[in-house]
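Report on one structure; see the data block that follows.
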Amino acid sequence: MKINPKNGIDKLIFGMKQNDVTAVYGKPDRNYKDEDDNVIFAYNKLKMRLTFYVEEDFKLGYIVASSPELEVFGYKIINRKISEVKKDLAVKGITKFTQEEFDTFENYFNEENWMIFQTEFDEVVKFEIGAIINQKDEFDWKFGKK
0 MKINPKNGID KLIFGMKQND VTAVYGKPDR NYKDEDDNVI FAYNKLKMRL TFYVEEDFKL
60 GYIVASSPEL EVFGYKIINR KISEVKKDLA VKGITKFTQE EFDTFENYFN EENWMIFQTE
120 FDEVVKFEIG AIINQKDEFD WKFGKK
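Count the sequence shown with numbering that gives the first Met the number 0 and you get residues 0 to 145, in order.
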């Protein structure tokens, strides 16, 4: 499953509505609301959790994924050492990361592409990507744009 920085993952494009997603991937295994009333779709087989923002007319704005099939620029990321993943990203000019620690986990956040690589024991275990916010402080929805 290809990660498309600033756009989404695989056939998921930021700005899609719930019916656009179900047309591509079928009904989610779980469908619920979070504490902010955002709609969450969870797909077990894809190992992805999708967030549709209530304040943005329920558009897809955030994806959390942990599938070993995830790749960025042709490089797999899950279960690889973060140092190796960062070397692969550097080739494409992605070098700035903010690092946070939580117990045995560390997050490596790249704000320019709104991507988080979560590691445990120095290996990437989870990936998060969010829709980009533009200079006007609005979401830069990609779905439906040419």
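Virtual Cβ for every residue (Gly too), placed ideally from N, Cα, C.
CB contact flag (residue i, residue j, <8 Å)
i: residue 83; j: residue 104; result: no
Residue i (DSSP reduced to helix, strand or coil)
i: residue 71; result: strand
i: residue 117; result: strand
i: residue 134; result: coil
i: residue 45; result: coil
i: residue 21; result: helix
i: residue 12; result: strand
Expected contact under 8 Å - CB spacing of residue i and residue j to nearest Å
i: residue 55; j: residue 142; result: Not confirmed; about 12 Å, so no contact.
i: residue 62; j: residue 8; result: 5 Å
i: residue 39; j: residue 52; result: With a Cβ gap of about 11 Å, residue 39 and residue 52 do not count as contacting.
Within-8 Å CB hit, residue i to chain D
i: residue 52; result: In summary, chain D is missing from the structure at hand, where a single protein chain is found.
Specify whether the stretch 126-138 and the stretch 108-117 touch according to this definition: at least 3 beta carbon pairs, one from each stretch, less than 8 Å apart.
Contact between the stretch 126-138 and the stretch 108-117 is present, because at least three Cβ pairs lie under 8 Å.
Would you say the stretch 15-26 touches the stretch 45-59, given that touching needs at least three Cβ pairs under 8 Å?
Touching, yes, given that three or more Cβ pairs across the two stretches are closer than 8 Å.
Between the stretch 88-104 and the stretch 32-43, can you find at least three pairs of beta-carbon atoms closer than 8 Å?
A contact between stretches requires three or more CB pairs, one per stretch, nearer than 8 Å, and the stretch 32-43 fails this requirement with the stretch 88-104.
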